[in-house]
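This report refers to the structure that appears directly beneath it.
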Amino acid sequence: MMYPETLSVSGEQLPYFRTDEFSSLMKESEVLLKEMIGTSSKSKVAFLTASGTGAMEAAISNVFTSKDHVLVINGGSFGKRFEEICECHSIPYDSLILEYGEVLSSEHLEKFDGMGITGVLVNIDETSTGQLYDVGIISDFCKRNGSFLIVDAISSFLADEYMMDRMGIDLTILSSQKALSLSPGISIVVMNARIFDERISNNKSPIYYLDLSNHVRNMERGQTPFTPAVGILLELNEMLKRVHDEGVNVKVSRTRELAFYFREKALEIGLKIPDYPLSNAVTPVLFDGNAQEVYHKLRDSYGITVTPSGGDLKERMLRVGHLGNLTQEDYDHLLNALKEILK
Ligand SMILES: *Cc1c(COP(=O)(O)O)cnc(C)c1O
Numbered sequence: 002m003m004y005p006e007t008l009s010v011s012g013e014q015l016p017y018f019r020t021d022e023f024s025s026l027m028k029e030s031e032v033l034l035k036e037m038i039g040t041s042s043k044s045k046v047a048f049l050t051a052s053g054t055g056a057m058e059a060a061i062s063n064v065f066t067s068k069d070h071v072l073v074i075n076g077g078s079f080g081k082r083f084e085e086i087c088e089c090h091s092i093p094y095d096s097l098i099l100e101y102g103e104v105l106s107s108e109h110l111e112k113f114d115g116m117g118i119t120g121v122l123v124n125i126d127e128t129s130t131g132q133l134y135d136v137g138i139i140s141d142f143c144k145r146n147g148s149f150l151i152v153d154a155i156s157s158f159l160a161d162e163y164m165m166d167r168m169g170i171d172l173t174i175l176s177s178q179k180a181l182s183l184s185p186g187i188s189i190v191v192m193n194a195r196i197f198d199e200r201i202s203n204n205k206s207p208i209y210y211l212d213l214s215n216h217v218r219n220m221e222r223g224q225t226p227f228t229p230a231v232g233i234l235l236e237l238n239e240m241l242k243r244v245h246d247e248g249v250n251v252k253v254s255r256t257r258e259l260a261f262y263f264r265e266k267a268l269e270i271g272l273k274i275p276d277y278p279l280s281n282a283v284t285p286v287l288f289d290g291n292a293q294e295v296y297h298k299l300r301d302s303y304g305i306t307v308t309p310s311g312g313d314l315k316e317r318m319l320r321v322g323h324l325g326n327l328t329q330e331d332y333d334h335l336l337n338a339l340k341e342i343l344k
């Protein structure tokens, strides 16, 4: 659910954007974001008009080449997408494949020690299963092996604690429509000075539209190379200011409280929740082959939309989100509906 403040911004007339006013708004967003994500003011930010996948592709294609050897942590459909992007750009990769429910451990990573891994790609909350990976063990692997660490935190940033520099992350991928709870259409790449200087500014981008050096050059004057989704950048600026004022920690705690509230009550009514480490962003709920039926009943008879799953998990899992403008009463309503349906 989006916040009323966001909706009121999105209802406004859009301004012409090649102006000093828009430039200063963008510079303000850049400063706020760097502070909130815990990275140095020397880091660079690119605001892309694209869905999250566009930012994933921008990052991979601007950082790595066919001379690299990347490790993809693939524990679900978003990890798989990283593999497909590497494939598309002929970037050599190995996959650390996790079966459904398998928890990422340091033993998994040790198997790739000394193999010349130059970069690790991970979706820190693999949103398709809700598993939150332990960033510490991944970051330790990268330090031992001298690899760059690229983290897709699209559903995790603002839902779970995230401190980019302290966690040893070189590049972060964000998108407007998940934990930021804005309209879809803007995705963000945050790069530390090391990955920007050693890689991005030296490599030639194979994609004209997603050339991160060009985006960074334009951001020096608070602009984007091409017409951005102006309205979503206005929504973003409003959101960043609001979360900054209340404190990122407060925002994260509120999401955690909602997640814990739902999980506790769900277990009380006999719902099954997986026991791997979970992001505060989402709670997977397990069913015995009737997940789609429950999904449709919730929508049709109760006006509640949860997130269905795809692939092997289609009939086994629904996901309940905790992002955006939700309250404990929303979960009471959902839990009552689930109780009635499952009776
Ligand atoms: C939603 C999501 C994406 C982006 O998907 P798009 O549809 O391209 O916006 C990427 N990674 C994760 C972890 C996500 O949850």
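For the sequence shown, the positions run 2 to 344 when our numbering is used. Note that the Cβ used here is the ideal one computed from N, Cα and C, for glycine as well.
Apart from the five residues just before and just after Val231, which ones in its own chain have a Cβ nearer than 8 Å to its Cβ?
Leu15, Pro16, Phe18, Phe23
Less than 6 Å separating the Cβ of Gly53 from some heavy atom of ligand 1?
yes
Tell me, please, whether the region 102–113 touches the region 80–87 by the rule of three or more beta-carbon pairs shorter than 8 Å.
no
Meets three-Cβ-pair contact criterion under 8 Å: the region 152–162 and the region 173–188
yes
Does any CB atom of chain E fall closer than 7 Å to the CB of Ser157?
In the structure shown, chain E cannot be found, because there is only a single protein chain.
Any heavy atom of ligand 1 closer than 6 Å to the Cβ of Tyr20?
Checking the sequence shown, residue 20 turns out to be Thr, not Tyr. No, since every heavy atom of ligand 1 falls outside the 6 Å radius drawn around the Cβ of Thr20.
Which stretch, first to last residue, makes up the alpha helix (DSSP H) that contains Tyr94?
Counting along the chain, Tyr94 falls outside any alpha helix (DSSP H), though it belongs to the beta strand (DSSP E) covering 94–98.
May I ask whether a heavy atom of ligand 1 can be found less than 6 Å away from the beta carbon of Phe79?
yes
Go ahead and label Thr228 buried or exposed: buried means 16 or more other beta carbons lie within 10 angstroms of its beta carbon, across all protein chains shown.
exposed
Less than 7 Å separating the beta-carbons of Met164 and Gly39?
yes
Beta carbon of Leu319, beta carbon of Val286: below 7 Å?
yes
Nearest to Pro93 by alpha carbon, out of Glu316, Lys43, Thr119?
Thr119
Sorted by chain position, which residues of the same chain lie with C-beta nearer than 7 Å to Ala260's C-beta, five sequence neighbours on each side aside?
Asn281, Thr284, His323
Go ahead and pull the three-state DSSP assignment for Ser140.
helix
Quick one: Cα of Glu316 to Cα of Thr308, how far?
12 Å
When DSSP labels each residue in this structure, what does Val295 get in the three-state scheme?
helix
What do you reckon, are the CB atoms on Gly223 and Met27 nearer than 7 Å?
yes
Of all the alpha helix (DSSP H) runs that stay within the bounds of the region 169–226, which reach a length of 4 or more residues?
213–220
Going by beta carbon distance, what residues of the same chain come within less than 6 Å of Ser176, once the five residues before and after it are set aside?
Gly53, Ile155, Ser188
For the putative contact between Ile196 and Val64, defined by C-beta atoms under 8 Å, what is the C-beta separation to the nearest angstrom?
6 Å
By Cβ distance, which residues of its chain are closer than 8 Å to Val148, with the 5 residues on each side in sequence left out?
The amino acid at residue 148 is misidentified as Val; the sequence shows Ser. Excluding residues within five positions, the ones whose Cβ falls inside 8 Å are Leu72, Ile118, Thr119, Gly120, Val121, Phe142.
Between the CA atoms of Lys179 and Ser302 - distance to the nearest angstrom:
26 Å
Glu36: which of His334, His245, Asp126 sits nearest, CA to CA?
His245
Confirm the yes/no value for this check: CB of Asp161, any heavy atom of ligand 1, distance under 6 Å.
no
Contact set for Ile208: own chain, Cβ-Cβ below 6 Å, skip 5 residues either direction:
Ser62
Relative to the C-alpha of Leu97, which candidate in Tyr134, Lys298, Ser184 has its C-alpha closest?
Tyr134
With distance defined between alpha-carbon atoms, name the residue in Ala59, Glu330, Glu29 nearest to Lys266.
Glu330
Near ligand 1: Asn124 beta-carbon under 6 Å from a heavy atom
yes
With C-beta atoms as the reference, is Pro226 less than 7 Å away from Asn238?
no
Pro5, DSSP secondary structure in three states
helix
Using a Cβ-based criterion (distance less than 6 Å to any ligand heavy atom), does Ile155 qualify as near ligand 1?
yes
Quick check: the Cα distance between Glu258 and Ala60, rounded to an integer number of angstroms?
33 Å
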